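**Q** Per my numbering, the sequence shown starts with residue 44, numbered consecutively. Using N, Cα and C, we set each Cβ at its ideal position, and we do this for glycine too. Predicted model only: the values in this text are computed from it and were never measured. Take this structure, written in structure tokens, and hold onto it; I'll ask about it next.
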Amino acid sequence: MVALRRELADPLARNGYALIANSAATGGLGVVYWLLVARVYPAAAVGVASAVYAAMNLLAGFTALNFNGALTRFIPKAGRETGPLISRAYLVSIVASIGLAELFLLTLRWWGPSYSELSGPLVGLIFVGCVVAWAIFTLQDSALIGLRGAFWVFLENTLFGVAKIVLLIALARVLPQHGGIYVSWMLPVIVAVPLINVLIFRKMVPRHVAATGDVQPPSRREVGRFLAGDYTGAMCLLATVSLIPVVVAARTSPAANAYFYVAWLIVGIVDMVGINMGMSLTVEGSFDAASLAVNGRKALRRVVSMLLPCAVLLAALAPWWLRLFGPGYAEHSTRVLELLAAATLPRAVTEVYLGALRAQNRTSLVALIQAIRAVLMLGLCVILAGTSGTVGAALAVLATQVVIAVGISFGLWRVLTGNRKAARQAAGKVGVR
44 MVALRRELAD PLARNGYALI ANSAATGGLG VVYWLLVARV YPAAAVGVAS
94 AVYAAMNLLA GFTALNFNGA LTRFIPKAGR ETGPLISRAY LVSIVASIGL
144 AELFLLTLRW WGPSYSELSG PLVGLIFVGC VVAWAIFTLQ DSALIGLRGA
194 FWVFLENTLF GVAKIVLLIA LARVLPQHGG IYVSWMLPVI VAVPLINVLI
244 FRKMVPRHVA ATGDVQPPSR REVGRFLAGD YTGAMCLLAT VSLIPVVVAA
294 RTSPAANAYF YVAWLIVGIV DMVGINMGMS LTVEGSFDAA SLAVNGRKAL
344 RRVVSMLLPC AVLLAALAPW WLRLFGPGYA EHSTRVLELL AAATLPRAVT
394 EVYLGALRAQ NRTSLVALIQ AIRAVLMLGL CVILAGTSGT VGAALAVLAT
444 QVVIAVGISF GLWRVLTGNR KAARQAAGKV GVR
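Here it is in structure tokens:
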């Protein structure tokens, strides 16, 4: 018990574990949600609904992800400018989300049969509103993380996951076709956005300003330089997270897309271990740059100790997990799930390194790594999905993550040993004197 209290006294561990608990709870609830969807609706309907969700997530991410890194990076040192910083991020994201969603709707004929039901002015207007709401829903999590309120992220997303399931059960037989999927997903978002932002602006921001009011806020030039470098990296990250399901949906049938999406969803829970620990490393590195190497080693040890057994169990029991969704999923998704589970390990290593780079403001290198990863993964996915279907897409993901992890290994080693080298150099100078 004493060891646990000591561990949770470390802000890196406290925020990191809260985010991992958030991913585990919401991911688990998400799997239960899609399991129920798969049991109630045919595979083709699941494929269409998951394709629409993937498109919404992609479009919202094009704007929200631009600011996620900036909020976690600069809120710790924003002082009295914390509220305006968050508000500006929201405003720009809303405007850009509307424009991108409209552009997507105007090009629907390029995206395959899974998106045909989005045609029509009323449906299109609803879709645009959902993209805007989802963008803010995504951004407010980053605001909470930057304010060291990761527990609220866990609570919010857990309640969101429970509400989705309850509404799905209630609406499955009430709304025609698969409309219950969309309503059960978006209604909790629309309710949560204003409530969470009351918490952010009325309680957490004033408390943060009181604690850091004497800190010199970052200049607009500093934030702008970070965004300029981080935006490219964020867009490339989005390509590897949200564009891959859209590419698979466009290259395969709705039923095949359903089989891929379920495996992608399950693995996404495990992937968040590395991503969340990297985000926590960015926040703590921003508060205390001198501890980055120590915190980086802690983050990597924690990631490996948690992720390795999870990935092994996920791959070893893949047929069993997928059989819960139905025999078709076990037949068509097992190999996909095995390949994607193996890809979580090299990806986690990369995410820890990217978290350290963001704390150092080395966003150009972040952008370069993520750009190489996105180009390689998307190129392989388009080629292999066209020749080998969903298994080819999963193989493209695994091959890319391995190549990138090997490529960044030397840079990660330098980050993790940084303070040791400094200590040796300092000791040498003392010896000379």
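#1: If you follow the alpha helix (DSSP H) that Q403 is part of, which residue opens it and which one closes it?
#2: Can you give me the Cβ contacts of W154 inside the same chain, cut-off strictly under 6 Å, excluding the 5 residues immediately before and after it?
#3: When the Cα atoms are used, what is the spatial distance from A465 to A342?
#4: Is there contact between the region 304-315 and the region 120-130, where contact requires at least three CB pairs shorter than 8 Å?
#5: Given that a residue counts as buried once 16 or more other Cβ atoms are within 10 Å of its Cβ, and exposed if not, what is F345?
#6: Hey, how far is the Cα of A23 from the Cα of F203?
#7: Got a sec, what are the start and stop residues for the alpha helix (DSSP H) I287 sits in?
#8: Grab me the residues of V89's own chain with a C-beta within less than 7 Å of its C-beta, minus the 5 sequence neighbours each way, in chain order.
#9: Is the Cβ-Cβ distance between A68 and F180 less than 8 Å?
#10: Runs of 4 residues minimum, wholly inside the region 343-415: which ones carry the alpha helix (DSSP H) assignment?
#11: Which one of R116, G71 and A193 has the shortest CA to CA distance from N404?
#12: What does the Cβ neighbour count give for W479, buried or exposed, with the cut at 16 atoms within 10 Å?
#13: Beta carbon of L400, beta carbon of V392: below 8 Å?
#14: Compute the distance between the beta-carbons of I243 and L187, then report whether it is under 8 Å.
#15: Enumerate in chain order the residues of its own chain whose CB-to-CB distance from L441 is below 6 Å, with the five nearest sequence positions on each side excluded.
#16: Can you list, in chain order, the residues of its chain with a C-beta nearer than 6 Å to that of P362? Leave out the 5 residues immediately preceding and following it.
#17: Kindly give me the distance between the Cβ atoms of L182 and S136, rounded to whole angstroms, as I take these residues to be in contact under 8 Å.
#18: Please classify S159: does DSSP put it in a helix, a strand, or coil?
#19: Return the residue from the list G192, P85, P237 and Y225 that minimises the CA-CA distance to Y133.
#20: Taking the beta carbon of T406 as the centre, do at least 16 other beta carbons fall within 10 Å, making it buried, or is it exposed?
#21: Figure out for me which residue from G70, A336, I141 and S162 has the closest Cα to the Cα of L151.
#22: Is Q259 buried or exposed, if buried means 16 or more other CB atoms sit within 10 Å of its CB?
#23: Within the continuous alpha helix (DSSP H) that includes Y225, where are the two ends?
#24: Ordered along the chain, which non-local residues of its own chain (more than five positions away) have a Cβ less than 7 Å from that of L427?
#25: Confirm, please, whether the CB-CB distance from A282 to L421 is below 8 Å.
**A** So, from the data block:
#1: Here Q403 belongs to no alpha helix (DSSP H), and DSSP marks it neither H nor E.
#2: Taken in chain order, the residues that qualify are A293.
#3: Low local confidence applies: a pLDDT of 46 at A465 is under 50, so the model's placement there is unreliable, with the coordinate-based value given in what follows. Per the coordinates, the alpha-carbon of A465 lies some 20 Å from the alpha-carbon of A342.
#4: Look at the beta carbons and you see the region 304-315 not touching the region 120-130: under three pairs across the two are nearer than 8 Å.
#5: The amino acid occupying residue 345 in the given sequence is Arg; Phe does not appear at that position. A residue is called buried once 16 or more other Cβ atoms fall within 10 Å of its Cβ, and R345 is buried on that count.
#6: The question about residue 23 has no answer, for the chain in this structure spans 44 to 476.
#7: For I287, the enclosing alpha helix (DSSP H) starts and ends at I287 to R294.
#8: Within the same chain, Cβ atoms closer than 7 Å to the Cβ of V89 are found at V80, A81 and A301, the five residues on either side in sequence being excluded.
#9: Contact: no.
#10: Residue ranges of uninterrupted alpha helix (DSSP H) with 4 or more members, entirely inside the region 343-415 and ordered along the chain, are 361-366 and 370-402.
#11: Looking at the Cα atoms, R116 is the closest of the given residues.
#12: This structure gives no information on residue 479, because the portion of the chain shown stretches from 44 to 476.
#13: Taking 8 Å as the Cβ cut-off, L400 and V392 do not qualify as a contacting pair.
#14: With contacts defined as CB atoms closer than 8 Å, I243 and L187 qualify as a contacting pair.
#15: These residues qualify, in order along the chain: L382, A385 and A386.
#16: Only A373 and T377 meet the Cβ criterion.
#17: That pair is a contact at about 6 Å.
#18: S159 falls in the helix class under three-state DSSP.
#19: For Y133, the nearest C-alpha among the options comes from P237.
#20: So T406 ends up on the buried side.
#21: Of the listed residues, the one whose Cα sits closest to L151 is S162.
#22: So Q259 ends up on the exposed side.
#23: For Y225, the enclosing alpha helix (DSSP H) has its first and last residue at G222 to L242.
#24: The answer, listed in chain order, is G435, A436, L438 and A439.
#25: Yes. Within cutoff.
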